[in-house]
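Mapping of the sequence shown onto this note's numbering: residues 7 to 327, in sequence order.
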Amino acid sequence: MTVGHLVAGIDVGGTKTRAVAMDAEALIVGDVRSSTDAAGGEAVVASTFRVLTDLAELVGIAPGAFEVVGLGIPGVVNAELGTVRHAVNLGVDGHPVAVGPLLSAAAGVPVVVENDVNAAALAALALAAPAGTEDLIYLNVGTGIAAGVVLRGRVWRGRRGLAGEIGHVVVDSNGPRCRCGQRGCLEAVASGATITRRWPAAGGRRAAVALFAAAAAGDRDAIAVRDEVIGHLARAVELLAFTLDVDCIVVGGGLADVGRPLLLALRAAVTRTGREASLVEVFDLPARVHLAPAGAPLGAIGAALAARRRALLSAERAEVG
Ligand SMILES: [Zn+2]
Numbered sequence: 007m008t009v010g011h012l013v014a015g016i017d018v019g020g021t022k023t024r025a026v027a028m029d030a031e032a033l034i035v036g037d038v039r040s041s042t043d044a045a046g047g048e049a050v051v052a053s054t055f056r057v058l059t060d061l062a063e064l065v066g067i068a069p070g071a072f073e074v075v076g077l078g079i080p081g082v083v084n085a086e087l088g089t090v091r092h093a094v095n096l097g098v099d100g101h102p103v104a105v106g107p108l109l110s111a112a113a114g115v116p117v118v119v120e121n122d123v124n125a126a127a128l129a130a131l132a133l134a135a136p137a138g139t140e141d142l143i144y145l146n147v148g149t150g151i152a153a154g155v156v157l158r159g160r161v162w163r164g165r166r167g168l169a170g171e172i173g174h175v176v177v178d179s180n181g182p183r184c185r186c187g188q189r190g191c192l193e194a195v196a197s198g199a200t201i202t203r204r205w206p207a208a209g210g211r212r213a214a215v216a217l218f219a220a221a222a223a224g225d226r227d228a229i230a231v232r233d234e235v236i237g238h239l240a241r242a243v244e245l246l247a248f249t250l251d252v253d254c255i256v257v258g259g260g261l262a263d264v265g266r267p268l269l270l271a272l273r274a275a276v277t278r279t280g281r282e283a284s285l286v287e288v289f290d291l292p293a294r295v296h297l298a299p300a301g302a303p304l305g306a307i308g309a310a311l312a313a314r315r316r317a318l319l320s321a322e323r324a325e326v327g
């Protein structure tokens with residue numbers, strides 16, 4: 007192992023933090039996970055540093071010997087300053103927390119900060135998209151719903167880092183109340199949390215997997231819930247696809263655990279609307295819908311890819327200078 011050419015990618019979730027070490031060939035050479043201390047900015051930085059230390063120990067280097075560390079974190083990220091705010095699941099409010107500089111000071115290594123879904127979108131481009139894809143949207147359907155946009159191979163964050171935050175677009179004004187206060191947000195009618203509420207699975211099985219199994223077995227209630235959720239997600243996929251005409255839309259998050267039945271249902275749902283056949287043909291939307299690879303830690307891998315990119319840019323600059 008060539009020490010000095012390893013980067014770390016860390017995905018900070020509301021309950022768990024996952025970290026991977028990636029070598030110069032983009033191979034994962036270390037993988038650790040631990041619980042997140044989600045009691046505000048300082049606690050998050052401290053538990054992230056512990057995970058980084060565990061990862062460094064696993065691959066036999068000091069934390070400061072990573073070339074650069076990529077940090078994927080939920081909330082509104084300012085990638086230039088390395089700050090995050092509005093990460094409710096981490097106890098971070100509207101006041102920006104300088105997670106990047108703080109972790110960098112603790113570990114003695116440069117830190118790149120990226121929104122977690124944006125990081126996962128980079129990993130989806132590398133792992134789930136057909137070869138040659140440059141423009142991609144990653145739709146994360148987990149507890150909440152958000153999308154990450156990659157254009158020409160780079161994350162498109164938007165003016166305020168909010169590009170792709172479609173979870174709180176109202177899709178059913180008579181729908182259930184959302185945690186944001188509105189009624190019928192996409193997140194309130196089609197997220198993992200909604201599926202769990204409408205189809206509580208027994209025995210620790212994932213609600214979405216149980217829902218799709220029951221629907222496949224002919225349970226009428228399950229079919230109704232499944233079709234409603236898929237209908238909403240299909241409209242979201244169409245909205246994203248028609249807005250940016252990307253090559254590829256990758257669906258990931260907890261819902262992707264359903265696997266092929268989910269992919270087939272989504273592809274069928276984006277085919278069947280009453281559009282003119284010519285329009286359907288031009289867009290060829292079903293062929294553009296893909297699923298994230300099952301079990302891959304997309305957030306951590308994407309954070310490592312963002313870090314690797316930063317390392318390459320600094321190396322280029324150093325050569326030019
Ligand atoms: Zn909402």
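All C-beta atoms in this analysis are idealised placements derived from N, C-alpha and C, irrespective of residue type, glycine included.
| Check | Outcome |
| --- | --- |
| What number of angstroms, rounded off, separates the C-alpha of G301 from the C-alpha of L272? | 20 Å |
| Given the structure, does H92 come close to ligand 1, in the sense that its CB is under 7 Å from one of the ligand's heavy atoms? | no |
| Taking just the CA atoms, how far does S179 sit from D37? | 43 Å |
| Which residues, in chain order, sit with a beta-carbon under 5 Å away from any heavy atom of ligand 2? | As presented, the structure is devoid of ligand 2, carrying ligand 1 as its sole ligands. |
| Can you tell me whether S179 is helix, strand or coil according to DSSP? | coil |
| Is M7 helix, strand or coil by DSSP? | With a pLDDT of only 46 at M7, under the threshold of 50, the placement of this residue in the model should not be trusted, and no figure is reported. |
| Any contact of the region 290 to 308 with the region 124 to 135, i.e. 3+ C-beta pairs under 8 Å? | yes |
| For M7, which residues of its own chain have a beta-carbon under 6 Å away from its beta-carbon, when the five flanking residues on both sides are left out? | Note that M7 scores a pLDDT of 46, beneath 50, so its modelled location is shaky; the value from the coordinates is reported in the next line. Nothing listed; no residue qualifies. |
| With a floor of 4 residues, list each alpha helix (DSSP H) that falls wholly inside the region 169 to 249, ordered by position along the chain. | 192 to 196, 198 to 204 and 213 to 222 |
| Under DSSP, the alpha helix (DSSP H) around N124 begins and ends at which residues? | D122 to L133 |
| To which residues of the same chain is R56 closer than 7 Å at the C-beta, ignoring the five residues directly before and after it? | S40 |
| Could you tell me the distance, in whole angstroms, from the CA atom of L2 to the CA atom of G265? | In the structure as shown, the chain starts at 7 and stops at 327, and residue 2 therefore has no counterpart that could be examined. |
| In three-state terms, what does DSSP make of L163? | Here residue 163 turns out to be Arg, not Leu, going by the sequence shown. DSSP places R163 in coil when its eight states are reduced to three. |
| Suppose contacts are defined by Cβ-Cβ distances below 8 Å. Is V117 in contact with I79 by that definition? | no |
| Thinking just about the alpha-carbon of each residue, which of C254, D122, V326 and I16 is nearest to the one in A93? | D122 |
| Which complete beta strand (DSSP E) runs does the region 13 to 82 hold, if anything under 3 residues is left out? | 13 to 18, 22 to 28, 34 to 41 and 75 to 79 |
| Going by the beta-carbon positions, is the gap between G187 and V177 smaller than 8 Å? | no |
| Assess contact between the region 100 to 116 and the region 63 to 71, defined as three or more Cβ pairs (one per stretch) separated by less than 8 Å. Is contact present? | yes |
| Applying the criterion that 16 or more other CB atoms from any shown protein chain within 10 Å of the CB defines a buried residue, is L12 buried or exposed? | buried |
| Measuring only the C-alpha atoms, how far is L268 from V231? | 13 Å |
| Do you know whose CA, among V50, T54, V75 and L64, lies nearest L311's CA? | V75 |
| Would a C-beta distance cut-off of 8 Å place L246 and A132 closer than the cut-off? | no |
| So V257 packs on L297, CB below 8 Å; how close in whole Å? | 6 Å |
| Give the straight-line distance between the Cα atoms of V18 and T54, rounded to the nearest whole angstrom. | 7 Å |
| I'd like the list of long-range same chain contacts for V98, defined as Cβ closer than 8 Å, with 5 residues on each side in sequence excluded. | G46, G47, V50, G81, V90, R91 and H92 |
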